[in-house]
Amino acid sequence: IPPDHVTIELQTALIKGYAHCGDMHNAMRVFRDLFSKHKQGQWKDMQVEQRPNVRTLNTLLRGCLWTAANVSHEDEAGANDVAGGVVSSEEAWSLYIQYSADHAPPDTSSYEAAVTLLCQAFRFSEALARIEQFQQQFNIRIKGKASIKAGDADHSVLETLGSVYLSLARAYAMRGDYDELWQAAQRSLRAIESSRKLLSEMSAQGNEAEDSSKKKQDFTRGGKRGWKKDSAERQTEQRNASNVTYRHHRLNEMEAEVKAFIKMRAERGDTNNNPKNDPNEAICNLITSRLFYFGGGGSTELSEQRSVLKKKKERMKSTPEALFLPKWQSFGLAEFSSTTATATHKEKNAVPPKKDVQSHNQWFNSDGQLQTSAIFGDGPARPIDLELGSGFGDWIVRQSDSHGERNHIAVELRADRVYQIFSRVVLNGKRPLQNVCIVGAEAGSFLEDRVLQGSISNIFVNFPEPPTQTYGDDRVELDKVESGELEPAHMLSCATLKAAFYCLRPGGRIIVVTDNRWYAKLVCVTLVRLSRQVKSIRAANSLEMPGFREIENFRNGIKMYEGQPNQEIGHAEESSTNQGGSYFDRLWRTGTSNFAHRTKRFVVVVKRKD
Ligand SMILES: C[S@@+](CC[C@H](N)C(=O)[O-])C[C@H]1O[C@@H](n2cnc3c(N)ncnc32)[C@H](O)[C@@H]1O
Numbered sequence: 001i002p003p004d005h006v007t008i009e010l011q012t013a014l015i016k017g018y019a020h021c022g023d024m025h026n027a028m029r030v031f032r033d034l035f036s037k038h039k040q041g042q043w044k045d046m047q048v049e050q051r052p053n054v055r056t057l058n059t060l061l062r063g064c065l066w067t068a069a070n071v072s073h074e075d076e077a078g079a080n081d082v083a084g085g086v087v088s089s090e091e092a093w094s095l096y097i098q099y100s101a102d103h104a105p106p107d108t109s110s111y112e113a114a115v116t117l118l119c120q121a122f123r124f125s126e127a128l129a130r131i132e133q134f135q136q137q138f139n140i141r142i143k144g145k146a147s148i149k150a151g152d153a154d155h156s157v158l159e160t161l162g163s164v165y166l167s168l169a170r171a172y173a174m175r176g177d178y179d180e181l182w183q184a185a186q187r188s189l190r191a192i193e194s195s196r197k198l199l200s201e202m203s204a205q206g207n208e209a210e211d212s213s214k215k216k217q218d219f220t221r222g223g224k225r226g227w228k229k230d231s232a233e234r235q236t237e238q239r240n241a242s243n244v245t246y247r248h249h250r251l252n253e254m255e256a257e258v259k260a261f262i263k264m265r266a267e268r269g270d271t272n273n274n275p276k277n278d279p280n281e282a283i284c285n286l287i288t289s290r291l292f293y294f295g296g297g298g299s300t301e302l303s304e305q306r307s308v309l310k311k312k313k314e315r316m317k318s319t320p321e322a323l324f325l326p327k328w329q330s331f332g333l334a335e336f337s338s339t340t341a342t343a344t345h346k347e348k349n350a351v352p353p354k355k356d357v358q359s360h361n362q363w364f365n366s367d368g369q370l371q372t373s374a375i376f377g378d379g380p381a382r383p384i385d386l387e388l389g390s391g392f393g394d395w396i397v398r399q400s401d402s403h404g405e406r407n408h409i410a411v412e413l414r415a416d417r418v419y420q421i422f423s424r425v426v427l428n429g430k431r432p433l434q435n436v437c438i439v440g441a442e443a444g445s446f447l448e449d450r451v452l453q454g455s456i457s458n459i460f461v462n463f464p465e466p467p468t469q470t471y472g473d474d475r476v477e478l479d480k481v482e483s484g485e486l487e488p489a490h491m492l493s494c495a496t497l498k499a500a501f502y503c504l505r506p507g508g509r510i511i512v513v514t515d516n517r518w519y520a521k522l523v524c525v526t527l528v529r530l531s532r533q534v535k536s537i538r539a540a541n542s543l544e545m546p547g548f549r550e551i552e553n554f555r556n557g558i559k560m561y562e563g564q565p566n567q568e569i570g571h572a573e574e575s576s577t578n579q580g581g582s583y584f585d586r587l588w589r590t591g592t593s594n595f596a597h598r599t600k601r602f603v604v605v606v607k608r609k610d
């Protein structure tokens with residue numbers, strides 16, 4: 001492409017592509033290049049529209065949310081390069097504010113992402129300063145504990161205000177700072193209530209269409225459809241209606257969490273006055289022993305099959321330092337272990353202390369696999385269950401809470417969700433759950449490289465995402481998958497199911513629950529394909545599936561069942577207060593999802609023969 005045709009749209013798309021597959025090193029390389037034009041004095045000849053804008057910034061920040069800080073092979077100068085998570089978001093933020101903010105200031109999404117990442121790393125003073133900038137930019141004043149004057153701010157600004165204070169409250173809660181937690185939670189709650197009020201008023205007046213078309217004309221805004229001007233008008237109405245439903249759903253979710261924090265302060269707050277263990281030490285121990293990050297990204301697209309991942313894995317270092325670095329930089333260990341005077345981790349490419357790295361080795365065996373007996377500290381006797389694609393962690397937290405006699409591992413691709421799961425585990429009930437370990441990784445690579453074969457009792461998969469590319473409802477395509485031809489990109493590929501199968505103990509099960517019948521078929525034909533390679537697979541028979549109806553049979557005895565998940569397939573019973581296995585379950589019920597009408601559950605269970 002001739003250099004003058006390389007538009008900012010194209011460069012942003014490139015950043016997006018890298019961010020989706022978790023390659024933040026290259027995403028940052030492109031982002032930095034955009035700003036080096038400024039340094040070389042080329043910006044003065046450039047139209048404002050062709051400079052990096054808030055959509056470019058937000059695309060990069062979204063990648064930082066999905067992928068925590070990690071180390072790649074040496075750069076040209078021979079140094080290790082660290083990118084991803086808060087390391088890159090802070091670098092990108094300062095470049096952007098210095099050179100681009102005048103013509104296109106950060107928007108609500110930018111602030112939300114930047115504050116979330118700072119809070120995840122427990123960088124409180126910077127998070128507070130960023131919230132202050134946000135309030136100034138949007139003309140919000142907060143008096144006393146939680147009296148908010150928001151001028152002419154709209155519902156989305158107030159939603160962001162609610163969200164940034166919620167992030168702050170969550171981080172304070174995890175550190176046991178109950179007074180700070182209370183103030184942040186009150187502010188979040190007030191902002192949520194005000195946002196909801198404005199949203200209801202606006203949708204009652206039917207103003208949303210007008211409001212959103214105004215936004216679309218403004219190239220400096222970072223909304224998802226910032227550049228799709230032509231199709232915007234036609235679908236505006238429908239999209240606005242579902243946007244309003246989604247906004248209400250999100251506000252409800254935020255409100256439920258914030259109220260739980262306020263209650264927590266009432267229950268646990270007086271410990272502030274009691275002599276107690278160092279709260280920093282408590283959270284450090286949990287980050288060290290219960291949270292592991294091996295890389296990830298924002299997309300399930302494994303379309304170029306394993307080769308891309310393999311290349312990426314080769315590039316990603318697997319040294320002890322590299323395994324330790326994400327939790328040190330992105331998940332807060334550095335912040336706890338350094339004083340302000342020695343907070344050198346904020347310098348790019350800072351190296352974690354050697355003694356911490358060495359001690360981190362205790363969680364791995366000599367093949368680099370997780371040493372679960374060390375992690376759970378109870379010897380190998382307790383059964384271990386694992387969930388792939390845990391999302392926000394609702395299901396695994398409930399499951400671990402109800403099955404204290406078992407250990408659990410949650411595996412999730414996206415770093416922001418890994419942190420959400422971790423926070424739920426830490427903040428569950430009166431004390432952190434002791435029988436869960438959270439892993440940030442691509443499911444297939446994790447099972448292949450980090451789990452001891454024959455060590456897992458059950459592998460659960462709940463509502464996995466179907467392939468993202470258009471893939472027909474067609475038997476021909478399913479036949480192709482079954483016969484060994486190219487598969488569509490999704491988490492439960494044949495290679496991942498094979499790796500999962502080898503991780504099972506004899507008698508162990510893989511249990512997949514979905515609301516999408518076609519997707520259940522795809523899983524079944526993939527299992528048929530696998531059963532030709534691995535002889536010890538056996539499908540669960542009807543006697544082993546009480547409460548389920550057999551609805552479809554496939555080759556080699558693979559079967560699809562219909563029915564609501566129950567204890568027979570290892571799911572904990574839902575209590576009446578916790579109605580809903582998972583976040584996605586709740587999303588369906590509120591009517592927010594496109595598939596809200598789907599109430600049927602399709603279940604596929606296979607066993608490893610005893
Ligand atoms: C539709 S959500 C379901 C989440 C959760 N199980 C629930 O029911 O609420 C699917 C989750 O799988 C994660 N995911 C997708 N591909 C993955 C992969 N290859 N490895 C690990 N996690 C993956 C996604 O990030 C997402 O959080």
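Residue numbers are given in full-length UniProt numbering: position 516 of the sequence shown equals residue 516, and the series is strictly consecutive. Just so it is clear, CB atoms sit at the ideal spot from N, CA and C, and this is done for glycine as well.
Could you tell me how far apart the beta carbons of Leu497 and Thr526 are, in whole angstroms, since I believe they sit closer than 8 Å? Right, their Cβ atoms sit about 6 Å apart.
In the structure shown, what three-state DSSP assignment does Lys430 receive? Under the three-state reduction of DSSP output, Lys430 falls in the coil class, being neither helix nor strand.
Who are the near neighbours of Gly507 in its chain, counting only those whose CB is closer than 6 Å to its CB and skipping five residues on each side? Only Asp610 meet the Cβ criterion.
Would you say Val418 and Phe463 are within 8 Å of each other, going by their C-beta atoms? For Val418 and Phe463, no; Cβs fall outside 8 Å.
So, using beta-carbon positions, are Gln120 and Ser390 closer together than 8 Å? For Gln120 and Ser390, no; Cβs fall outside 8 Å.
Going by C-alpha to C-alpha distance, which of Trp328, Phe392, Ala334 and Thr319 sits closest to Asp367? Checked all of Trp328, Phe392, Ala334 and Thr319; the closest Cα to Asp367 is Thr319.
Only counting runs of 4 or more residues, tell me where the alpha helix (DSSP H) segments fall wholly within the segment 336-398, in order along the chain. You should have 354-360 and 372-376.
According to DSSP, simplified to helix, strand and coil, what is Ile438? Three-state result, Ile438: strand.
Between Lys143 and Arg187, what straight-line distance do the alpha-carbon atoms span, to the nearest angstrom? Spanning the alpha carbons of Lys143 and Arg187 requires a straight line of approximately 10 Å.
Going by alpha carbons, who is nearest to Leu95 out of Leu452, Leu57, Leu291 and Glu132? Distances from the alpha-carbon of Leu95 to those of Leu452, Leu57, Leu291 and Glu132 put Leu57 closest.
What first and last residue would you give for the beta strand (DSSP E) that runs through Asp81? Boundaries of the beta strand (DSSP E) harbouring Asp81: Asp81 to Ala83, taken from the DSSP string.
Exposure of Gly226, with buried meaning 16 or more beta-carbon neighbours within 10 Å: The predicted position of Gly226 is uncertain, since its pLDDT is 49 and thus under 50; a value taken from the coordinates is nonetheless stated next. A buried status is given to Gly226, since no fewer than 16 other beta-carbon atoms sit within 10 Å of its beta-carbon.
Tell me the rounded alpha-carbon separation between Ser147 and Ala191. For Ser147 and Ala191, the distance between alpha carbons rounds to 9 Å.
Separation of Phe31 from residue 670, as counted between CA atoms: Because the chain is modelled from 1 through 610, residue 670 falls outside the range shown and cannot be assessed.
Identify every residue that forms a DSSP beta bridge with Val604. Looking at the DSSP assignment, Val604 forms a beta bridge with Val512.
Nearest by alpha-carbon distance to Gly404: which of Ile421, Ile384 and Glu90 is it? The candidate whose alpha carbon is nearest that of Gly404 is Ile384.
Relative to ligand 1, is the shortest distance from any of its heavy atoms to the C-beta of Val523 smaller than 7 Å? Result no, Cβ not under 7 Å from ligand 1.
Distance between Gln11 and Pro275 (C-alpha atoms, nearest Å): Low per-residue confidence applies at Pro275: pLDDT is 48, beneath 50, and the placement is therefore not dependable, though the value from the model is reported in the following sentence. Spanning the two alpha carbons is a distance of roughly 55 Å.
Nearest to His249 by CA position, among Asn458, Met264, Cys21 and Leu199, is which residue? Taking only the C-alpha atoms, the option nearest His249 is Leu199.
Let me confirm a value: Thr7 is counted as buried when at least 16 other C-beta atoms fall within 10 Å, else exposed. Which label applies? By the neighbour-count rule (16 or more Cβ atoms within 10 Å), Thr7 is not buried but exposed.
Are the beta-carbon atoms of Leu370 and Val71 separated by less than 8 Å? Their beta carbons are not under 8 Å apart, which means Leu370 does not touch Val71 by this criterion.
What residues in its chain sit with their C-beta under 7 Å from that of Leu117, if we drop five residues either side in the sequence? So the list reads Cys64, Leu65, Gly85, Val86 and Ser89, once near-sequence residues are dropped.
Limits of the beta strand (DSSP E) - the one that Glu412 falls within: Run containing Glu412: Asn407 to Glu412, per the beta strand (DSSP E) assignment.
On the premise that Tyr293 lies in contact with Gly440, defined as a C-beta separation below 8 Å, what is that separation, rounded to the nearest angstrom? The Cβ separation is near 4 Å, so the contact holds.
Comparing alpha-carbon positions, which option in Phe422, Leu323 and Leu386 lies nearest Val357? Across the set Phe422, Leu323 and Leu386, the C-alpha of Leu323 shows the shortest separation from the C-alpha of Val357.
Please report the distance separating the alpha-carbon of Ala415 from that of Ala489. The straight-line gap from Cα to Cα measures roughly 20 Å.
For the alpha helix (DSSP H) holding Arg123, just list the boundary residues, first then last. From DSSP, Arg123 is part of no alpha helix (DSSP H); its letter is neither H nor E.
Write down the C-beta distance between Val164 and Phe122 rounded to the nearest angstrom, noting that I regard them as a contact closer than 8 Å. Val164 to Phe122, Cβ: 15 Å. No contact.
For a minimum of 4 consecutive residues, which ranges assigned as the alpha helix (DSSP H) are wholly contained in the segment 151-177? Runs of the alpha helix (DSSP H) inside the segment 151-177: 155-175.
Ordered list of alpha helix (DSSP H) runs contained in the segment 443-522, each at least 4 residues: Secondary structure remark: continuous alpha helix (DSSP H) runs of at least 4 residues inside the segment 443-522, in chain order: 443-450, 475-483 and 494-503.
Where DSSP assigns a beta bridge to Arg141, which residues make up the other side? The secondary-structure analysis by DSSP pairs Arg141 across a beta bridge with Lys149.
Please check the pair Gln420 and His408, which I expect to be a contact at CB under 8 Å, by giving their CB distance rounded to whole angstroms. Contact check for Gln420 and His408: beta-carbon distance about 16 Å, past the 8 Å limit, so the pair fails to qualify.
With DSSP as the reference, identify every bridge partner of Phe292, one or two as the case may be. The partner list for Phe292 (beta bridge, DSSP) reads Val439.
Nearest-angstrom Cα distance between Arg29 and Ala127? Using only the alpha carbons, I get a separation of about 25 Å.
Residue range of the unbroken beta strand (DSSP E) whose run includes Ile537: Boundaries of the beta strand (DSSP E) around Ile537: Ile537 to Ala539.
For Ala19, which three-state DSSP category applies? Look at Ala19 here: in three-state DSSP terms it is helix.
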